[in-house]
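In order, the protein sequence lines correspond to chains B and G. The number in this note's numbering is simply the position in the first sequence, starting from 1, with 39 added. The number in this note's numbering is simply the position in the second sequence, starting from 1, with 33 added.
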Amino acid sequence: MSDAAEFSRGPLEGLIICPVCDATYQLQRPKNGERAVCTRCHKVLIAPRAKAGMQIIAVSIAVVVLIIAASVFPFLKISAGGRSNAVSILDAALTFTEGPMLVLALLTAGFIIFVPLLRMLLTLYVLVPVVLDRPPAEHAIAAFRFSEALKPWSMAEIFALGCAVALVKVADLATVDFGPAFWMFGVLVVLVIVQDGYMCKWSVWNSLEHPKRR
Amino acid sequence: MELVGTPKKTVTARAAGLVACTRCARAWPLETEVCGRCGAKLISRDVNSLQRVWALWLVGLMCYVPANLYPMLRTQQLFSVDESTIIGGAVELAQHGAFGIATIILVASVVIPLGKFWAIAFLALSVREKGGYASRHRLLMYEVVEYIGRWSMIDIFVVAILSALVQLQGLASITPGPAAFFFALSVIFTMLSAQSFDPRMIWDAQADTDEASGNG
Ligand SMILES: [Zn+2]
Ligand SMILES: [Zn+2]
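#1: Of the residues Gly-50/G, Thr-55/G, Ala-49/G, Val-86/G, which one's Cα is nearest the Cα of Val-178/G?
#2: With three or more C-beta pairs closer than 8 Å as the rule, is the segment 235-244 of chain B touching the segment 72-86 of chain B?
#3: Can you give me, in chain order, the residues of the segment 75-90 of chain B that have a beta carbon less than 7 Å from any beta carbon in chain G?
#4: What does the shell around ligand 2 hold, if a residue joins when its beta-carbon is under 6 Å from any heavy atom?
#5: Can you tell me whether Phe-132/G is buried or exposed, with buried defined as 16 or more other CB within 10 angstroms of its CB?
#6: Using the beta carbon as the reference atom, which residues fall closer than 5 Å to any heavy atom of ligand 1, ordered along the chain?
#7: Name the two residues that bound the continuous alpha helix (DSSP H) containing Gln-228/G.
#8: So, Glu-196/B versus Val-228/B, is the Cβ gap smaller than 7 Å?
#9: For Trp-236/G, count neighbouring C-beta atoms within 10 Å of its own C-beta (all shown protein chains included) and say buried if the count is 16 or more, exposed if not.
#10: Return the CA-CA distance between Leu-247/B and Gly-236/B, expressed in angstroms with no decimal places.
#11: Determine, using beta carbons only, whether Gly-247/G comes closer than 7 Å to chain B.
#12: What span of residues does the beta strand (DSSP E) with Cys-188/G cover, start to end?
#13: Just mark Asp-172/B as buried or exposed, buried being the case when its beta carbon has 16 or more other beta carbons within 10 Å.
#14: For Trp-151/G, count neighbouring C-beta atoms within 10 Å of its own C-beta (all shown protein chains included) and say buried if the count is 16 or more, exposed if not.
#15: Can you list the residues of chain G that Lys-190/B reaches, using a CB-CB cut of under 8 Å?
#16: Of all the alpha helix (DSSP H) runs that stay within the bounds of the segment 165-236 of chain B, which reach a length of 4 or more residues?
#17: Helix, strand or coil for Val-80/G? Go by DSSP, reduced to three states.
#18: Tell me Gln-109/G's beta-bridge partners as DSSP assigns them.
#19: For Gln-200/G, which residues in chain B fall below 7 Å Cβ to Cβ?
#20: What is the residue span of the alpha helix (DSSP H) that Pro-146/G lies within?
#21: Would you grab the beta carbon distance between Ile-145/G and Trp-90/G for me? Rounded to a whole angstrom, and I think it's under 8 Å.
#22: Trp-244/B versus chain A: which residues are under 7 Å apart at the beta carbon?
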């Protein structure tokens with residue numbers, strides 16, 4: 040119990056609490072490249088990286104461009120018996136168009152195009168002022184909160200695996216050609232995963248709270 | 034925390050008279066209602082969350098039944114129309130020799146969803162009673178549910194790609210069946226159900242067991 044009393048007496052800013060298991064620690068910021076891990080449940084609490092902000096911004100811009108390009112250019116082309124059909128990612132998402140299926144079309148388009156796009160834009164909005172040592176943008180906190188809430192609903196990488204499965208299913212029915220958007224989408228998935236690795240949530244919250252003392 | 038002054042015995046925020054912000058990990062006095070850093074609502078243990086978990090779980094399960102009964106894909110070839118359910122489609126793939134893909138579909142559409150229903154129910158029940166399984170075991174389960182659950186969506190994307198792509202007038206065409214709609218809803222509701230669960234309750238149950246058996 041003496042430990043417990045010690046925690047509540049000191050400044051609360053000097054503490055960090057594991058969101059998964061409620062374990063409380065005195066805050067000691069790890070060096071760049073190191074990670075602070077909860078000893079009780081092994082959740083990574085802080086994982087700062089040198090120049091992470093700049094890298095995340097660069098990747099976000101690339102992803103925004105790639106998402107827009109990949110959704111309008113032809114994605115896959117199928118041909119059999121002299122007939123052919125080329126589709127973009129947007130076509131694939133909007134394929135459900137009858138009755139309640141329309142809801143499904145909107146959800147699919149959201150999961151693979153709009154949610155990833157929105158997350159990148161929100162990330163840029165939050166991080167650009169922080170990285171340039173400016174005061175945080177207006178509503179930056181709400182923007183970052185929204186971006187974090189959207190995270191599980193951003194499903195570009197799942198769609199990529201879906202493509203692989205679909206290709207095997209079609210293989211004995213027709214010949215499939217890959218359009219430019221297919222390769223763009225491949226790069227995009229890798230970038231989204233890389234960005235997740237760079238992003239340290241705690242560091243972002245901390246710099247939004249103390250914009251000057253970074 | 035390995036790099037952050039390691040206490041010999043973990044002290045929970047609740048025992049220290051604090052409440053954690055689960056979104057940004059900031060500490061606040063127990064009676065604080067809103068996080069001053071990120072604006073999240075603060076609650077030490079979200080006990081009422083279990084009702085939300087069960088309600089969403091039930092809707093998800095109710096959607097999963099028609100998802101398996103109705104056809105997922107309607108394939109129209111020259112002279113034949115073929116409607117296949119999720120499991121039927123996987124069996125067909127296996128008969129064609131595509132065992133790898135058949136396995137992916139079965140895992141994503143049957144094993145993961147059913148495992149997820151079972152895991153959420155197990156976790157929600159287990160936090161009510163003290164003791165039982167080691168919490169490491171339960172935590173692993175929670176993580177699996179959290180991170181793998183969304184991959185069930187793959188089947189919907191396969192249907193979307195196939196339906197958009199295979200539109201060869203008169204030769205072959207594929208259209209989505211009603212199961213796609215129910216399956217997507219089922220995945221969404223189970224994701225929401227898992228997100229409503231407060232994992233801190235898993236650890237409380239374990240800590241109580243330790244104290245009761247005198248290992249604490
Ligand atoms: Zn923890
Ligand atoms: Zn907070």
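The beta-carbon is built from N, C-alpha and C at its ideal position, and this holds for glycine as well. All figures in this text were calculated on a predicted structure; none of them were measured in a lab.
Short version:
#1: As a position in the second sequence, residue 178/G is number 145, starting the count at 1. For Val-178/G, the closest of Gly-50/G, Thr-55/G, Ala-49/G, Val-86/G by C-alpha to C-alpha distance is Val-86/G.
#2: Put simply, the segment 72-86 of chain B touches the segment 235-244 of chain B. At least three CB pairs are less than 8 Å apart.
#3: So the list reads Ala-75, Val-76, Cys-77, Thr-78, Arg-79, Cys-80, Leu-84, given in the order they occur along the chain.
#4: In chain order, the hits are Cys-54/G, Arg-56/G, Cys-57/G, Arg-59/G, Cys-68/G, Arg-70/G, Cys-71/G, Ala-73/G.
#5: Position 99 of the second sequence holds residue 132/G. Counting other Cβ atoms within 10 Å of its Cβ, Phe-132/G stays below 16 and is therefore classed as exposed.
#6: Having a Cβ closer than 5 Å to some heavy atom of ligand 1 are Cys-57/B, Val-59/B, Cys-60/B, Ala-62/B, Cys-77/B, Arg-79/B, Cys-80/B, Lys-82/B.
#7: Reading the second sequence from its first residue, position 195 is the one you call residue 228/G. Gln-228/G -> alpha helix (DSSP H) spans 211-229.
#8: Sequence index remark: in the first sequence, residue 196/B carries index 157 (1-based). Sequence index remark: in the first sequence, residue 228/B carries index 189 (1-based). The answer is yes: Cβ separation under 7 Å.
#9: As a working note, residue 236/G is residue 203 in the second sequence. The residue is buried, with at least 16 neighbouring Cβ atoms inside 10 Å.
#10: To locate residue 247/B, count along the first sequence from 1; it is residue 208. To locate residue 236/B, count along the first sequence from 1; it is residue 197. About 20 Å.
#11: Taking the first residue of the second sequence as position 1, residue 247/G is located at position 214. Reliability fails at Gly-247/G, whose pLDDT of 47 lies under 50, so the model's placement of it is uncertain and the value that follows must be treated cautiously. Not closer than 7 Å to any Cβ of chain B, the Cβ of Gly-247/G fails to qualify, so no.
#12: Within the second sequence, the letter at position 155 stands for residue 188/G. Contrary to the premise, residue 188/G reads as Asp rather than Cys in this sequence. Asp-188/G -> not in any beta strand (DSSP E); alpha helix (DSSP H) instead, spanning 187-198.
#13: The residue given as residue 172/B occupies position 133 in the first sequence. That one is exposed.
#14: Within the second sequence, the letter at position 118 stands for residue 151/G. Exposed is the call here.
#15: Locating residue 190/B in the first sequence gives position 151, where the first residue counts as 1. Those do not exist, as Lys-190/B stays about 10 Å from chain G at its closest Cβ, beyond 8 Å.
#16: Counting only runs of 4 or more residues that sit fully inside the segment 165-236 of chain B, the alpha helix (DSSP H) segments are 179-189, 195-210, in chain order.
#17: Looking up residue 80/G in the second sequence gives position 47. Of the three classes helix, strand and coil, the one that applies to Val-80/G here is coil, per DSSP.
#18: Translated into positions along the second sequence, residue 109/G becomes position 76. According to DSSP, Gln-109/G bridges with Val-114/G, Ser-206/G.
#19: Position 167 of the second sequence holds residue 200/G. Simply Asn-124.
#20: Along the second sequence, read from residue 1 onward, the residue named residue 146/G stands at position 113. First-last of the alpha helix (DSSP H) with Pro-146/G: 145-159.
#21: Numbered from 1 along the second sequence, position 112 holds the residue referred to as residue 145/G. Numbered from 1 along the second sequence, position 57 holds the residue referred to as residue 90/G. Contact between Ile-145/G and Trp-90/G does not hold, since the beta-carbon distance rounds to 15 Å and is not under 8 Å.
#22: Among the protein chains in the structure shown, which are B and G, there is no chain A.
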